[in-house]
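Encoded as structure tokens, the structure appears first; notes follow it.
Numbering (the numbering used here), first residue to last: 400 to 750.
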């Protein structure tokens, strides 16, 4: 009897080991989650009612999944899905009109938590050091004195502090434990970059009018400024501003023509890419001459370069499904296109 029991235990142990190990290296088998290794597109959704959504496209282009948050959780995200940020395995989905952030696992999109208090017209999320998140808030968009950046304790998903900032805080980028906030201006126009360290504004940097997008390369911050539009009363030129992050000072400013209002700055290697008047332009950072070289035609709502490809969204009529186009930057030719949700406004890589 003891021999039979011993043999049974050995057999069960062997089965357990095989079930938990791979064939080649005796390590646990890893099964990727449904929405890993792909592109995520945040779709703002209808402006005044309805819900925004998220579209997933696998890296091999074989799988396209619409409205993945609702599919997984059975609930809508809310109105409007403004943007998304990541921290470790979590996705922080900023829902502007609903004044909340939905927290989900970035690979399975199973809901984890939500932040529903302390946010007023939230816009963008940026994380730093694994424990701290920052959220830009317009407050009342008609009041230029109540704008702030909320600091989120990412261990509890609670707001731990508010940092008062100049009006119109929008996109952020982090570098060396500092957060750089572009003040595009909300319902108005502004011309500042706030530098946040910890829970306070360390300094502000004056740039061109309406800074709308930023990238970091070689310890330099490149800020694309759209310039004052004609409806603002006094039209001003767009500009590309280079900031030396060691000194925190503007080192170079390159001006567009007065009627040129660029947007959507992204970077591929040493080449800056951006939108202007229905075209995508390329500028090499070693020799900046504006507007640069035309490479792709199209009126795009969002641009992101990644691994030698350019991902561009088209919002169409802003009321029906949009599109994501993918271009090979070695040839500047379109290689794929996919349907998205309504008003695809953000592109994120989930690898």
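Note that CB positions come from ideal geometry on N, CA and C, so glycine has one too.
TODO: Hey, could you find the ends of the beta strand (DSSP E) residue 611 is sitting in?
DONE: Run containing residue 611: 610-616, per the beta strand (DSSP E) assignment.
- [ ] Can you tell me which of 524, 690, 660, 470 puts its alpha carbon nearest to the alpha carbon of residue 568?
- [x] Nearest Cα to residue 568 within the set 524, 690, 660, 470: 524.
Task: Residues bridged to residue 443 [DSSP beta-bridge criterion] - done: DSSP output for residue 443 lists no bridge partner at all.
Open item on the list: I need the straight-line Cα distance from residue 750 to residue 700, nearest angstrom please.
Closed with: If you draw a straight line from the Cα of residue 750 to the Cα of residue 700, it is about 23 Å long.
Task: Beta-carbon spacing of residue 620, residue 603 below 7 Å - done: Going by C-beta atoms, residue 620 is not nearer than 7 Å to residue 603.
- [ ] Determine contact between the segment 570-583 and the segment 554-561, defined as no fewer than three beta-carbon pairs at a distance below 8 Å.
- [x] With the cut-off at 8 Å, the segment 570-583 and the segment 554-561 do not touch.
TODO: Could you pull out every residue in the same chain whose Cβ sits closer than 7 Å to the Cβ of residue 404, ignoring the five residues on either side in sequence?
DONE: Annotation note: pLDDT 36 at residue 404 (below 50); position unreliable, coordinate value reported separately. Nothing listed; no residue qualifies.
- [ ] Return helix, strand or coil for residue 522, following the three-state DSSP convention.
- [x] Strand, per DSSP.
Open item on the list: Between residue 478 and residue 451, how many whole angstroms is the CB-CB distance? I'm expecting something under 8 Å.
Closed with: That belief holds up - the Cβ atoms of residue 478 and residue 451 are roughly 6 Å apart, short of 8 Å.
- [ ] Quick one: which unbroken beta strand (DSSP E) runs of 3-plus residues sit fully inside the segment 434-507? Chain order, please.
- [x] Segments of the beta strand (DSSP E) lying fully in the segment 434-507: 437-442, 452-457, 480-486, 489-494, 499-504.
- [ ] For residue 732, collect the residues of the same chain with a Cβ closer than 6 Å to its Cβ; drop the 5 residues on either side in sequence, then sort them by chain order.
- [x] Answer for residue 732: no residue qualifies.
- [ ] Provide the residue span of the beta strand (DSSP E) that contains residue 665, from first to last.
- [x] In the DSSP assignment, residue 665 falls within the beta strand (DSSP E) that extends over 662-667.
Open item on the list: Once DSSP output is grouped into helix, strand and coil, what is the label at residue 544?
Closed with: Three-state DSSP puts residue 544 in coil, outside helix and strand.
- [ ] Report yes or no: do three or more beta-carbon pairs, one from the segment 530-549 and one from the segment 455-462, lie closer than 8 Å?
- [x] Short answer: they don't touch.
Open item on the list: Which residue marks the beginning of the beta strand (DSSP E) containing residue 711, and which one marks its end?
Closed with: Counting along the chain, the beta strand (DSSP E) containing residue 711 begins and ends at 708-713.
Open item on the list: I'd like the span of the beta strand (DSSP E) that includes residue 594, first residue to last.
Closed with: Unbroken beta strand (DSSP E) run through residue 594: 591-596.
Task: Other residues of its chain near residue 573: CB distance less than 6 Å, five sequence neighbours each side excluded - done: Shown here for residue 573: same chain residues with a beta carbon closer than 6 Å to its own, the five before and five after excluded, namely 525, 527 in chain order.
TODO: Determine the DSSP secondary structure at residue 729, reduced to helix, strand or coil.
DONE: Secondary structure of residue 729 (DSSP, three-state): coil.
TODO: Could you spell out where the beta strand (DSSP E) holding residue 747 opens and where it closes?
DONE: Per DSSP, residue 747 belongs to the beta strand (DSSP E) from 743-749.
- [ ] Give the range of the beta strand (DSSP E) segment to which residue 557 is assigned.
- [x] Segment 557-563, the beta strand (DSSP E) holding residue 557.
Open item on the list: Could you tell me the alpha carbon to alpha carbon distance between residue 471 and residue 685, rounded to whole angstroms?
Closed with: When rounded, the distance between both Cα atoms is 46 Å.
Open item on the list: Looking at the strands, I want to know which residues DSSP matches up with residue 682.
Closed with: Beta-bridge pairing links residue 682 to 671.
Task: Pair within 7 Å by beta-carbon distance, residue 499 and residue 474 - done: Their beta carbons are not under 7 Å apart, which means residue 499 does not touch residue 474 by this criterion.
Task: residue 739 vs residue 702 beta-carbon contact at 7 Å - done: Result no, Cβ atoms of residue 739 and residue 702 do not sit closer than 7 Å.
Open item on the list: DSSP has residue 605 in a bridge; who is on the other side?
Closed with: Beta-bridge analysis with DSSP links residue 605 to 591.
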